[in-house]
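2 protein chains.
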Amino acid sequence: MNETTQGLGSIDRTSEVPYYLQLARLLEQSIDAGSYGPGDRLPGETELCTDYGLARSTVRETLRHLLDQGRIKLVPRRGAFVAERIDPGWRLQGTQGFFEVEVDQHHSVETRVLEATRCVLPDAAAAALELPPASAGFKLARVRSLDGKLALYSINYLLPEVEAVLRASEVITGVGSLNRTLQSAGYATVRARRTVEAVAADEVLATLLGVQTGHPLLLVTSVSWDRDNKPLDFYTSWLRNDIVKVTVEAQAA
Amino acid sequence: MNETTQGLGSIDRTSEVPYYLQLARLLEQSIDAGSYGPGDRLPGETELCTDYGLARSTVRETLRHLLDQGRIKLVPRRGAFVAERIDPGWRLQGTQGFFEVEVDQHHSVETRVLEATRCVLPDAAAAALELPPASAGFKLARVRSLDGKLALYSINYLLPEVEAVLRASEVITGVGSLNRTLQSAGYATVRARRTVEAVAADEVLATLLGVQTGHPLLLVTSVSWDRDNKPLDFYTSWLRNDIVKVTVEAQAA
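Here the protein sequences come in this chain order: Z and B.
The first sequence begins at 1 in this note's numbering and counts up by one.
The second sequence begins at 254 in this note's numbering and counts up by one.
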C-alpha cells in the first residue's frame, strides 16, 4: 500500500457487499474525512487495483458509481477528481422531513410546538387526506429554528388515528422527528407531492418568523402517501430561505 | 369482451413489451381518454383476466404498476379506482425545461427573447460552469408566457461553444425548446441541481412580469450537467406562481 491510500481500510472478501461498492464507500469515507478535498485527484486506476487487489473492471465500476453520485469528476487522460461538495439543504424530492435532513447534515434544529390538538380539518386538509368535509383530524403547528435562527413555521394535519402515537412520542414536546415517529408506528411515507410557492408574510407569519410584514417566504404544501396510496399527512410550511436552503436534485427520466 | 372494456385494444402476443405493461398502457389510455374518470372503478381482476386472456398474476402486476404510478387506488374488497389526476405543473425534479413540461401538458408557451449574445460570464455563472473568472459565454434572456399570461423571466448562461448551435436553431427566435435543441446537438443534461427561493420583485422584474414592485416571486437557480458531470447550463428563473404551478414529486430513498 502506498502513501496515497494508506489507512483507507481494505476490501472485506467475506462480505456480501459487492467489491466495487466497498471501494466506493472507502473512497467516500476518505473524501468525507477530508483526506481528499474538492479538486484533489484520486489515486489512478492502476494504483487502486494494486492497493486493493481488485480487477480494473471493478475499479472502473467504483469510479462510475462515484461519478453517478456526483462525488467525483472524470477528466479524460487526467483521472478522477473530487467534486465540489455543496450543502444541499432540504432536498425537496426526498420524503424525509426538514428535521431529519438538517440534523443529518449536522445542523441543530429546535422546535417550539404551538399547537397539538384534535381538530375539525379545514377543507383543503380533508380533501388532501381523502376524508369527508369536516372530518376530525390532528393538528400540529410548530416553529422551527435552524442553528438558533428562526427558519420555518409549519402546520401538519394528520389522520385522527395517529394522535395517540404522537401524544406518546417526543414529537409533542418538540424533540424528535414526526416522520420517523410515524414510520416507527407503521405509517411510512413512500411518496409525496409538494408544491412550492413564493408568498408575502402576513403579520402573523412575520411575527412567528422574525421578518417584516411583506417579506417573501417560501411556501411548501405537501401531501404524503403510504405504499397503498393512502394519504398520511398534509402540511403547509412557510420558510425563510435566507436561513433554510431548499434544493431539488433533478435526474433525466 | 364485455361492455366495460370494449374498444380498449388487445394484448399483442408478438410484442416484446411484457403483457402486464401492455395492459397497463391500455388502461392508462382509457383513463386519459376519459372512459374512466377520477373515482371510477376499473373492471375487476377476473373480468380483466377474461377480457384480455391474461393470468391473474399478470393482471395483479398491472394493477401494482398503476398503483406505483399513482394512477389508481386499491380499496380492499372493493377493487381498483382511478386516482384524481392533478396537473403537476413544472416538476422540478425532472431535467426537462419549463417549455417542454408545459407544452407536454397541453399548455401554450410564448417566448420573447430579450437578449441572445456572447458575453463575459458573471462570477456565479463562471463558477457554476467551472470556467475561469471572466470567461466568455453565451447569454439568453427570455420572458415567457403561459396560455397568454406572463409567467417567467429567465437568464441562461451557456458554454461559448453552443452559440453556433443556438444561432442556427429556433431557440433564438423564441420558438422551440432550449433543452431539446441542446440535446439534439449532443449536449444532453442528465442531472441538475436546483435551488428554490422566494424573492420580492424589483422594478425591472415587476415590469417584465406585470406585477407590482415587491410582489413575491419564485426564484429557481439551476446548474445542469452532462453524463460526465461537465456543467452545460446555468440559469436563474423568476416565476409568478399564480401562473406557473411548481411541484416536486418526492419518493422514499
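From the three backbone atoms N, C-alpha and C, an ideal C-beta is built for every residue, glycine too.
In this text the structure is predicted, and so the values were computed from the model without any measurement.
Asked	Found
Return yes when the Cβ of Z/Y153 is within less than 8 Å of the Cβ of Z/G137, no when it is not.	no
So what's Z/I72 in DSSP terms, helix, strand or just coil?	strand
Can you tell me the Cα-Cα spacing of B/S288 and B/T311, whole angstroms?	22 Å
Compare the C-beta of Z/R193 against all C-beta atoms of chain B and say whether one is closer than 8 Å.	yes
B/P291 and B/V335 - do their beta-carbons sit closer together than 8 Å?	yes
When the distance is taken between beta carbons, is B/V476 closer than 8 Å to B/A445?	yes
Quick check on B/A453 - is its C-beta less than 8 Å from some C-beta in chain Z?	yes
Taking the straight line between their C-alpha atoms, what separation do you get for B/L374 and B/Q436?	22 Å
Cα separation between Z/E115 and Z/L178?	14 Å
Label B/S361 either buried or exposed according to how many other C-beta atoms from any shown protein chain fall within 10 Å of its C-beta, with 16 as the threshold for buried.	exposed
For Z/V143 versus Z/L205, is the C-beta spacing smaller than 8 Å?	no
In this structure, does DSSP put Z/I243 in helix, strand or coil?	coil
If we call anything under 8 Å between Cβ atoms a contact, is B/V464 one with B/L345?	no
If I follow the unbroken beta strand (DSSP E) through B/N409, where does it start and stop?	402-411
What does B/A308 reach in chain Z if we use C-beta pairs closer than 9 Å?	By Cβ distance, chain Z contributes nothing, its closest Cβ being about 23 Å from B/A308, past 9 Å.
Report the rounded CA-to-CA distance for B/A394 versus Z/D32, giving the unit in angstroms.	38 Å
Please state whether DSSP places B/E337 in a helix, a strand or coil.	coil
By a C-beta neighbour count over all protein chains shown, 10 Å radius and 16 as the cutoff for buried, is Z/A124 buried or exposed?	exposed
Using the DSSP secondary-structure output, state which residues sit across from Z/V171 in a beta bridge.	DSSP, once it has assigned bridges, lists no residue as partnering Z/V171.
Can Z/R25 be considered in contact with the ligand NAP, in the sense that its beta carbon sits closer than 7 Å to one or more heavy atoms?	No copy of the ligand NAP occurs in the structure displayed, which carries no ligand at all.
Determine, for B/D265, whether the minimum Cβ-Cβ distance to residues of chain Z falls below 8 Å.	no
One question on the structure: do Z/R240 and Z/G174 come within less than 8 Å of each other, judged by their Cβ atoms?	no
Flag B/E298 as yes if its beta-carbon sits less than 8 Å from any beta-carbon of chain Z, otherwise no.	no
Can at least three beta-carbon pairs, one atom from the stretch 8-28 of chain Z and one from the stretch 46-62 of chain Z, be found at a separation below 8 Å?	yes
Are there 16 or more other CB atoms within 10 angstroms of the CB of B/E416, so buried, or fewer, so exposed?	buried
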